[in-house]
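Please read the structure below before turning to the comments.
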Amino acid sequence: MQGVIGARTKSPVSNAATDRLLKRYGSWEAVARAPLIELEDALLTQTYPNVAAERLKASLTALIEKRGAVDLSHLAGLETAEAMDWLEQLPGIGRKIAAGVMNASTLDRRAIVLDSHHTRILQRMGLVPPKATTARAFDAIMPAMPEEWSAADYDEHHLLMKKLGQTWCRPSSPDCRNCPALAMCETGRARESA
Ligand code: SF4
C-alpha cells in the first residue's frame, strides 16, 4: 500500500504512514471502510494527502469487491505478466506498483521496478524511448534483462539505479564526467565529446 499513497513522497515517510494506518484501524479492510476525510487526516505526511486517501480507499475497496478481502494470494498461481495485468486493473495501481508487488513480496518474481530515477537513466542511456511511460519503458527493458537474474538481483539493481540517479544522473545537470555508467550511456558520451 506504500506505493499507492506514495506519489512524490519519500519511501520512509510512506512506509511510516502505512504502519500508522494499520495500527490505527487494525486491518486494511477497516482502512477501506474509514471515511475519506479521516484517511486524508491520517495521511497528512504525504505530499498529496487527498490524492493518497482517494487512491488508497479506491484500490482497497476494489480489491475487497473482487476478492472479498485485502488478499493477493491468488497471484501466486498466475504468470508474472498475467498477475501484473490483474493488479493494474485496480484503481491507483500502475506498472511501477504492480512490478513492486511482484518483485518485493513473497511472490519473488523477476520484475523491474521503474521509479522516476530509473526511467530517466534508461532514457538517457538510449535504452527506452525518450518520452516512454513507465509501462512502455518496462516493456522495452524487460526483454533485455539478464535471464539468470533472480528477483533479489532485480531489487538490488533497482536500488543501485536509484543511487545513480540521486548521485550522478540527477534530473538537471547530470554529472556525466564522474558517472560510473558513462561508458554505457549515449547521452553521457555525447555530452562529454561535445
Ligand atoms: S553518463 Fe550522464 S546521462 Fe548517462 S547515466 Fe551517467 S549521469 Fe546520466
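First residue of the sequence shown: 942, per the working numbering; consecutive thereafter.
Backbone N, C-alpha and C fix where the C-beta goes; we use that ideal spot for every residue, glycine too.
A distance criterion of 6 Å places the beta-carbon of Arg1065 in contact range of the ligand SF4, judged by its closest non-hydrogen atom. By the Cβ neighbour-count rule, Lys1037 is buried, with 16 or more other Cβ atoms within 10 Å of its own. Sequence-distant partners of Pro1112 (beyond 5 residues in either direction) whose C-beta falls short of 7 Å from its own C-beta, in its chain, are Arg1061.
Look at Ile1062: its beta carbon is less than 6 Å from one of the heavy atoms in the ligand SF4. Note that the C-beta distance between His1099 and Val1054 is below 7 Å.
Relative to the Cα of Ala994, the nearest Cα in the group Gly1033, Glu1006, Ser1091 belongs to Gly1033.
Under the three-pair Cβ rule at 8 Å, the segment 1040-1058 does not count as touching the segment 999-1008. According to the DSSP assignment, Glu995 belongs to the alpha helix (DSSP H) that extends over 990-1008. Apart from the 5 residues on each side of it in sequence, Arg1132 sits with its Cβ closer than 6 Å to the Cβ of Cys1117 in its chain, given in chain order. For Thr986, no alpha helix (DSSP H) run applies, since DSSP gives it neither H nor E.
For Ile1082 and Val1069, the gap between their C-alpha atoms comes out near 7 Å. Residue nearest to Thr986 within the set Pro953, Asp1012, Trp969 is Pro953 (criterion: CA-CA distance).
Leu962 places its beta carbon less than 7 Å from that of Val972. Sequence-distant partners of Pro1121 (beyond 5 residues in either direction) whose C-beta falls short of 8 Å from its own C-beta, in its chain, are Leu1105, Trp1109.
Per DSSP, reduced to three states, the secondary structure at Glu1023 is helical. Here Ser1114 is exposed, its C-beta having fewer than 16 other C-beta atoms within 10 Å. Remark: the C-beta of Pro1115 is in contact range of the ligand SF4, defined as less than 6 Å to any heavy atom. By a beta-carbon distance limit of 8 Å, Arg1065 contacts Thr1128. Their separation comes to about 4 Å. Placement of the Cβ of Ala1017 at a distance of 6 Å or more from every heavy atom of the ligand SF4 is found.
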